[in-house]
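A.B. asks:
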Amino acid sequence: MTIRTLHRDGLADLLADPDISHLLSVLKAETEETRIVGGAVRDALLGYVSSDVDLATTLLPKEVMRRATATSLRAIPTGIEHGTVTVLRGDRAFEITTLREDIETDGRHAVVRFGRDFARDAARRDFTINALSIDEKGELHDTTEGVADLETGRVRFIGDAATRIREDALRILRFFRFHARYGIGAPDQEGFRAAMEAAQALDGLSRERVRSELLKLLEGPGAVEVIATMRKAGLLERIIGTDGHLDRLTRAIAAETMDANQMRAATRLAALAVDTVTDATWLRQALRLSNEEHDLLEAYATARRAIESLPTIRAIDMRRLAATHDLPGLALAVDVLSPARTQQIGPEAHAELAAFLDGTRPVPRFPLRGSDLVTAGVSPGRSVGKGLEAARSLWLERGCLSGEEEHTLLLDFAVAAAGTKG
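Using this note's numbering, you'd call the opening residue of the sequence shown number 45 and step up by one each time.
1) Please name the residue in D204, V70, L71 and L89 whose C-alpha comes closest to that of H51.
2) I357: which of Y344, Q387, T368 and S334 sits nearest, CA to CA?
3) Evaluate E234 with the Cβ neighbour count: other Cβ atoms within 10 Å of its Cβ, from every protein chain shown; 16 or more gives buried, anything less gives exposed.
4) In the DSSP assignment, what are the bridge partners of S65?
5) In the structure shown, what three-state DSSP assignment does G151 receive?
6) Between which two residues does the beta strand (DSSP E) harbouring A129 extend?
7) Where R275 and G197 are concerned, what is the direct C-alpha to C-alpha distance, given to the nearest angstrom?
8) Quick test of the definition: if touching needs 3 or more C-beta pairs under 8 Å, does the stretch 408 to 419 touch the stretch 446 to 459?
9) Are the beta-carbon atoms of T172 and I216 separated by less than 8 Å?
10) Between the stretch 414 to 432 and the stretch 369 to 384, do three or more beta carbon pairs fall short of 8 Å?
11) Among residues of its own chain, excluding the 5 on either side of I284, which ones have a beta-carbon nearer than 6 Å to its beta-carbon?
12) Does DSSP classify H394 as helix, strand or coil?
13) Bridge partners for T141 per DSSP, in chain order?
14) Let's test the definition: count the other Cβ atoms within 10 Å of the Cβ of V93 and tell me whether it reaches 16, buried, or not, exposed.
15) Within the stretch 231 to 263, note down every full beta strand (DSSP E) run reaching 3 residues or more, in order along the chain.
16) For S446, name the three-state secondary structure that DSSP assigns.
17) Would you identify the three-state DSSP class for G475, choosing helix, strand or coil?
18) Quick one: give me the first and last residue of the alpha helix (DSSP H) that I284 is part of.
19) Quick one: is E337 buried, meaning 16 or more other Cβ sit within 10 Å of its Cβ, or exposed?
20) Less than 8 Å between the CB atoms is what I'm expecting for L333 and A315, so what's the real figure, rounded?
21) Enumerate in chain order the residues of its own chain whose CB-to-CB distance from D416 is below 7 Å, with the five nearest sequence positions on each side excluded.
22) Give the range of the alpha helix (DSSP H) segment to which V321 is assigned.
23) Just checking my contact of G127 with R110 at CB under 8 Å: how many whole Å lie between their CB atoms?
24) Give me the residue from R160, G54 and E263 with the minimum Cα distance to G182.
25) How close, in whole Å, do the beta carbons of V321 and E342 come, if the pair is a contact with beta carbons under 8 Å?
26) Can you name, in chain order, every residue of its own chain whose Cβ lies under 8 Å from the Cβ of T101, other than the five neighbours on each side?
27) Among L313, T325 and T404, which residue has its Cα nearest to the Cα of L376?
28) If contacts are defined as beta-carbon pairs under 8 Å, then A167 and S177 qualify, I think. What distance do you get, rounded to the angstrom?
29) Does I209 come out as helix, strand or coil in the three-state DSSP assignment?
30) Do you know offhand how far E489's Cα is from A119's?
31) Can you tell me whether DSSP reads L184 as helix, strand or coil?
32) Is the Cβ-Cβ distance between L259 and A310 less than 8 Å?
33) Could you pull the start and end residues of the beta strand (DSSP E) that T78 belongs to?
34) My output table needs one value for I178: the three-state DSSP class, helix, strand or coil.
35) What residue range does the alpha helix (DSSP H) around S437 cover?
36) For the alpha helix (DSSP H) holding G373, just list the boundary residues, first then last.
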């Protein structure tokens with residue numbers, strides 16, 4: 045069994061954060077307690093710095109707001125009916141939630157009451173690795189054996205897995221997403237069985253929630269292995285409408301050179317799930333993708349189709365492709381080609397694309413505008429478009445050349461093709 049080493053000193057670093065220590069001092073009261081809970085504690089033990097830090101407290105929400113505003117902190121009642129107040133210190137936001145106990149749940153919404161028992165509050169959470177907490181003295185509290193699971197890379201539901209999923213069906217996807225991020229080896233078998241038995245419940249979730257979990261899953265270091273597991277179980281097709289292309293996803297990840305950003309997950313989704321523009325359109329609706337995400341998927345699909353229409357790709361072909369297709373989509377299409385197809389792209393073409401990507405060479409841009417033709421004497425109207433279209437075809441044929449001589453040649457050709465002058 046693989047055992048990972050936890051970084052206990054990370055907990056001290058978390059408490060030493062001046063914003064966090066200030067918040068704990070603001071909320072400190074003789075008969076009350078506030079702890080750092082959840083993901084920030086988990087990540088600190090793994091040696092990561094979490095961007096989101098949540099706190100749980102026995103203080104009631106109105107008292108949290110009173111104390112925060114009394115010390116010139118901004119307090120926003122973001123979910124005050126469920127006990128959550130967002131407190132801002134500078135440009136950092138912290139969610140502070142009063143301890144809660146579930147009364148009932150319908151699988152999407154829970155009815156809760158406030159409590160004072162940290163162990164019962166922890167038992168409400170989804171996974172043991174998310175139920176850890178530390179108090180202001182730095183003592184680690186683990187009532188669900190989350191530390192042991194973190195060490196062995198086991199993403200395990202708290203209590204009965206099926207019950208946890210009935211409380212919120214999104215936990216099916218969260219189970220796989222957290223395993224892709226924190227898991228080692230195969231997923232927990234009890235959790236996996238419960239997720240598969242409840243898979244139909246995913247259909248009742250909002251597409252926005254499904255999108256968020258899927259994109260986060262795709263960013264995990266174990267994304268390929270987890271996606272393969274979901275594919276074999278039939279869950280992947282339920283979400284993205286296809287079995288997907290694991291080989292393309294693997295090649296896309298291997299080719300990545302960029303740091304994490306908001307489009308990395310969308311790029312991986314394109315490699316996994318898109319063959320045609322129709323696929324991109326379907327996914328836009330099925331997952332409520334943003335315009336930017338959909339545009340990337342569509343650009344990838346059109347670039348892929350253009351590449352596949354060419355028997356070989358030379359440097360001149362790569363210039364034409366770069367001039368007529370979105371560069372990120374084109375680069376991804378090249379990255380995920382099969383090894384046999386990749387060999388049909390010459391080294392000069394690869395060098396050309398690399399130069400466009402790193403900015404050492406500008407992407408070719410058609411040099412003429414309609415105003416150029418009008419200035420040259422072409423009557424405004426359809427003839428201008430006719431001339432530009434003809435000149436653009438010549439420009440592509442000649443390899444997207446630039447320079448004053450090329451501009452003059454193209455302008456003369458466009459004027460002649462337009463056929464009318466004022």
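Glycine residues also receive a C-beta, built at the ideal position from the N, C-alpha and C atoms.
C.D. replies: The structure says:
1) Residue 51 sits at position 7 when you count from the first residue of the sequence shown. For the residues D204, V70, L71 and L89, the minimum Cα distance to H51 belongs to L89.
2) The residue labelled residue 357 in the question sits at position 313 within the sequence shown. Among Y344, Q387, T368 and S334, the Cα nearest to that of I357 belongs to Q387.
3) As a working mapping, residue 234 is identified with position 190 in the sequence shown. Classification of E234: exposed, given that the 10 Å Cβ count is below 16.
4) Here residue 65 refers to the residue found at position 21 of the sequence shown. Here S65 is not bridged, per DSSP, to any residue.
5) On the sequence shown, position 107 is the one that residue 151 refers to. Confidence in G151 is poor, its pLDDT being 49 and thus under 50, which makes the residue's placement unreliable; the coordinate value appears in the next sentence. Coil.
6) In the sequence shown, residue 129 corresponds to position 85, counting from 1. A small fix is needed here, since residue 129 is Val in this sequence, not Ala. Where V129 is concerned, the enclosing beta strand (DSSP E) stretches over T128 to R133.
7) Indexing the sequence shown from 1 puts residue 275 at position 231. Indexing the sequence shown from 1 puts residue 197 at position 153. Between R275 and G197, the C-alpha separation is close to 21 Å.
8) yes
9) Here the question's residue 172 lines up with position 128 in the sequence shown. Here the question's residue 216 lines up with position 172 in the sequence shown. It is not a contact, given that the beta carbons lie outside the stated cut-off.
10) no
11) Position 240 of the sequence shown, counting from 1, holds the residue named residue 284. These residues qualify, in order along the chain: A317.
12) Looking up residue 394 in the sequence shown gives position 350. In the structure shown, H394 sits in a helix (DSSP, three-state: H, G or I).
13) For the purposes of this step, residue 141 is identified with residue 97 of the sequence shown, where counting begins at 1. According to DSSP, which records beta bridges pairwise, T141 is partnered with A100 and T128.
14) Here residue 93 refers to the residue found at position 49 of the sequence shown. Looking at its Cβ environment, which holds fewer than 16 other Cβ atoms inside 10 Å, V93 is exposed.
15) none
16) Start at 1 with the first residue of the sequence shown, and residue 446 comes out as number 402. It is coil, neither helix nor strand.
17) Residue numbering for the chain in the displayed model covers 45 to 466; residue 475 lies beyond these limits and cannot be assessed.
18) Working through the sequence shown from its first residue, we reach residue 284 at position 240. From DSSP, the alpha helix (DSSP H) with I284 extends over L279 to I284.
19) Counting from one through the sequence shown, the residue named residue 337 turns up at place 293. It counts as buried.
20) Counted from its first residue, the sequence shown places residue 333 at position 289. Counted from its first residue, the sequence shown places residue 315 at position 271. At roughly 15 Å, the Cβ-Cβ gap does not stay under 8 Å, so L333 and A315 are not in contact.
21) The count along the sequence shown starts at 1 and reaches residue 416 at position 372. Within the same chain, D416 has close Cβ partners L455.
22) As a working note, residue 321 is residue 277 in the sequence shown. V321: member of the alpha helix (DSSP H) spanning V321 to L331, first to last residue.
23) Locating residue 127 in the sequence shown gives position 83, counting from the first residue. Locating residue 110 in the sequence shown gives position 66, counting from the first residue. Contact doesn't hold; Cβ gap of about 15 Å is too wide.
24) Locating residue 182 in the sequence shown gives position 138, where the first residue counts as 1. Looking at the Cα atoms, G54 is the closest of the given residues.
25) Position 277 of the sequence shown holds residue 321. Position 298 of the sequence shown holds residue 342. So it is a contact: roughly 6 Å between Cβ atoms.
26) Position 57 of the sequence shown, counting from 1, holds the residue named residue 101. Correct list, in chain order: L71, E76, E77, T78, R79, V108, I140, T141, T142 and L143.
27) Against the sequence shown, residue 376 aligns to sequence position 332. Put simply, of L313, T325 and T404 the residue whose alpha carbon is nearest the alpha carbon of L376 is L313.
28) Here residue 167 refers to the residue found at position 123 of the sequence shown. Here residue 177 refers to the residue found at position 133 of the sequence shown. With a Cβ gap of about 12 Å, A167 and S177 do not count as contacting.
29) On the sequence shown, position 165 is the one that residue 209 refers to. DSSP places I209 in helix when its eight states are reduced to three.
30) Residue 489 cannot be examined here, being either before or after the span of the chain that is shown, 45 to 466.
31) Locating residue 184 in the sequence shown gives position 140, counting from the first residue. Strand.
32) The residue labelled residue 259 in the question sits at position 215 within the sequence shown. The residue labelled residue 310 in the question sits at position 266 within the sequence shown. Closer than 8 Å, so yes.
33) As a working mapping, residue 78 is identified with position 34 in the sequence shown. Element bounds for T78: T78 to V81.
34) Here residue 178 refers to the residue found at position 134 of the sequence shown. Correct three-state label for I178: strand.
35) For the purposes of this step, residue 437 is identified with residue 393 of the sequence shown, where counting begins at 1. Taken as a continuous stretch (DSSP letters only), the alpha helix (DSSP H) holding S437 covers R426 to E441.
36) Translated into positions along the sequence shown, residue 373 becomes position 329. It spans L371 to D379 - the alpha helix (DSSP H) in which G373 sits, taken as one unbroken run.
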